[in-house]
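228 is the number of the first residue of the sequence shown in this note's numbering; add one for each residue after it.
Each residue gets a CB set at the ideal place from its N, CA and C atoms; glycine is no exception.
Everything numeric in this text was worked out from a predicted model, so none of it was measured.
Notes to accompany the following structure.
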Amino acid sequence: MVVNRLINRFHRFISRVNNKIRHKPLFTSISTKVFLNTFISVLIGMTAIAMLAYSTIYVLIKDNQEASLQASVVQVEDYLKWYMLNIQSQLLYFSNPDIYELLNDENYALLMNSFLSLNSNEINAAYVIEGGEIQHIAPQLYRHYLSRDLVQEVARQTEQWGFWWSDPFDSGFGRAVTVAKSFSPDDNRNRKITVVLELNVDSFAHLGVSGQSKEQNIYIFSRSGKFVASNVPIDNYDQKLQRDQMIHVLGEAMAETGNDFNTVTTAEGSYRILKSDNNRWDWIVFAVINEANAYPLLSLLQKQFLLLLVTWVSLSAFISYRLALYIKKPIKSIIRQMNASSLGRFDARIDLKRNDEFSIISTHFNKMMVNIKGLFDDLRQAEERKRVQEIKVLQSQIQPHFLYNTLNAFYWLSETDRAKEIGPLIKALMGLLKYSIDKVGDLVPLEQEAEQLQNYADLMKLRYGDVFELDIVIPDELLRRVSIPKLTLITLVENSIFYGLNSSEQSNHIIVTAEINAQRQVIVEVSDSGPGMRQEDIRRLFEKHEDNRNFKGLNNLGLRNIQERIQLYYGPAYGLKIENDPGEGLLVRIKLPCVE
């Protein structure tokens, strides 16, 4: 109470001081707050210890010892909970109706023997009761240690409660506890089967507790007052007598007051008792400590108290100052750069030459800003290119001149004896029109592009005759697996046809092929035997203003538009490459990824 009042008064004093000098930046910086809070908290704690003096120190040490002992109790409880949960899970497994009905007697017995061999130190025996008789048991020798009355009592108790455990008893293999689970097969609810495990409580010797001093001993009793187990070592006869005496005293205390007692007395002295019963089997865990030997550090602490107090205050002041100084600089730099980034400065960077969490923060902040800047740049460029390309593609739909010339050719066919050719050609035109105007700009299978390319070639031969020949030599596997931007091959073949019209010496032979190279990339080639092109003309085709062509074809798409569309979908590593030999023809290579 005294300490609390002092702390409250000091905080009120600090609040008044802060209210008076609130306008000064010194008391608003985080480094100053870290220093003041750290140093003042330590100082208050040490001052309180000095005021409480010997009696307070005694209580603190005693409480600390009891807290440590209580931790031992909790540790034992946790061990018991884990152990009980493990036993329960094993019982649930063996009492699963599906498993019991699925396995025959031999396999079920083999399963029980395997389980027992894995847990031979903790479990004496496992057996199954049905109709008051043992159906399966492991080991078989243990059948001779079980009386008929015991078996029937276990079955009766378990069938009544569903899950049952006994008090500790002396079995043929030592002190044990019986745990059982009852169940009914799915096909017969009136049929009761009981799975039983007999646990060796002597295996609880360590109780999950390690590193305990000899003054901290654990005893476990059942609710009825029967001793279960203890972690007290038995190295000689005197230790056994002392343990038996404590078991006797605890048993008598439980018989007189239940478990409502805090101390017991033996010939060895008085003992402090802590207890817990937070477990499924209703066992009570007692932690016992000898009060006479519990506090050996008290006299030593009295002698060294003053020296430790002075040393601790000085060290706390130094550490608090260094800690505040260590935190101040990186936080200031981080805040400055974060404010800059919040204003849209994507070039803001934190420069800290440290090897701690602040360095990690600065590194990730810098990476984040680089990524954000790159994403914004890429997004802006991609959106701009996509917008421009979509507009161009929408504007590049069927040219009126192409339709006019094609329909005019249909008319002259109807005026001649070739009228029967009009039907297939109209079907080709309809397919090409639908293909051209339906979702312009999408990726399509290479098979569809090749099909419409053949339709386009048929229509062009109607208009110009046999001035060119088209061969499409693409493996069926690639036709189905490869995707390509719509109208790509048609545009390239159209260029070859129109640039080849200037050559009247021979028919322009156009070949379209495709293959997969060693880098698992698809290479589509469009080659012709036309006059070829000058490098200047090729360069002009890839320039921004490419619409001023001297022919009116299917659409306004050009090589530059195709190049940008391919790279938009697949990245800069893909696109067109032109090899030209004036007078010998033109070869256009299209590099595509090998994806379906």
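- Judged by their CB atoms, Pro395 and Val406 are not nearer to each other than the 7 Å cut-off.
- Assignment of Ser503 by DSSP, reduced to helix, strand and coil, places it in the strand class.
- Secondary structure remark: continuous beta strand (DSSP E) runs of at least 3 residues inside the stretch 632 to 688, in chain order: 670 to 672.
- With a beta-carbon spacing of about 5 Å, Ser723 and Ile737 fall inside the 8 Å limit used to define contacts.
- With contacts defined by Cβ atoms closer than 7 Å, Thr718 and Ile789 form a contacting pair.
- Taking the Cα of Glu811 as reference, the smallest distance to any Cα among Glu495, Ile558, Tyr726, Ser374 is reached at Tyr726.
- The beta-bridge partner set that DSSP reports for Lys818 consists of Ile750, Gly802.
- By the Cβ rule, the stretch 557 to 572 does not count as touching the stretch 295 to 308, because fewer than three pairs are nearer than 8 Å.
- Linking Tyr464 to Gln472 through their CA atoms gives a straight-line distance of about 12 Å.
- Relative to the Cα of Leu630, the nearest Cα in the group Leu781, Lys654, Leu501, Ala745 belongs to Leu781.
- Three or more beta-carbon pairs separated by less than 8 Å link the stretch 489 to 498 to the stretch 472 to 481, which places the two stretches in contact.
- Per DSSP, reduced to three states, the secondary structure at Trp510 is coil, with no helix or strand assignment.
- The shortest C-alpha to C-alpha distance from Ile445 to any of Phe410, Gln733, Lys502 is the one to Lys502.
- Its Cα nearest to that of Asn807, the residue Pro758 stands out among Pro758, Thr633, Asp583, Leu533.
- Checking the DSSP bridge columns, you'll see Ile420 partnered with Glu357, Phe410.
- DSSP lists Ala352, Thr405 as the bridge partner or partners of Glu425.
- Within 10 angstroms of the beta-carbon of Ala456 lie 16 or more other beta-carbons, which makes it buried.
- Scanning its chain for C-beta atoms nearer than 8 Å, with the 5 sequence neighbours on each side dropped, one finds around Arg612 the residues Glu791, Leu795, in chain order.
- Straight-line spacing of the CA atoms in Ile577 and Asn566 works out to 12 Å.
- With respect to the 7 Å criterion, Glu386 and Ser411 are not classified as neighbours on the basis of their beta carbons.
- With contact defined as three or more Cβ pairs closer than 8 Å, the stretch 642 to 656 and the stretch 678 to 685 are in contact.
- Asn458 counts as buried, since at least 16 other C-beta atoms from the protein chains shown sit within 10 angstroms of its C-beta.
- A Cβ-Cβ contact shorter than 7 Å links Phe400 with Asn351.
- Using a Cβ distance threshold of 7 Å, Leu716 and Ala741 do not count as a contacting pair.
- For Glu704, the enclosing alpha helix (DSSP H) has its first and last residue at 703 to 708.
- CA-to-CA, the gap between Gln362 and Arg383 works out to about 16 Å.
- According to DSSP, residue pairing for Asp397 in a beta bridge involves Arg402.
- Within 10 angstroms of the beta-carbon of Lys594 lie fewer than 16 other beta-carbons, which makes it exposed.
- When DSSP states are grouped into helix, strand and coil, Asn517 belongs to the strand group.
- Comparing C-alpha distances from Glu721 to each of Ser451, Phe695, Ile314 shows the shortest one belongs to Phe695.
- Distance from the Cα of Val822 is smallest, within the candidate group Met687, Phe592, Ile743, for Ile743.
- Here Asn744 carries a coil assignment [DSSP, helix/strand/coil].
- Here Val749 is actually not in contact with Val700; their C-beta atoms are around 14 Å apart, not less than 8 Å.
- In the DSSP assignment, Phe695 falls within the unbroken beta strand (DSSP E) covering 695 to 700.
- The continuous stretches of beta strand (DSSP E) do not include Val378, which lies in the alpha helix (DSSP H) extending over residues 375 to 388.
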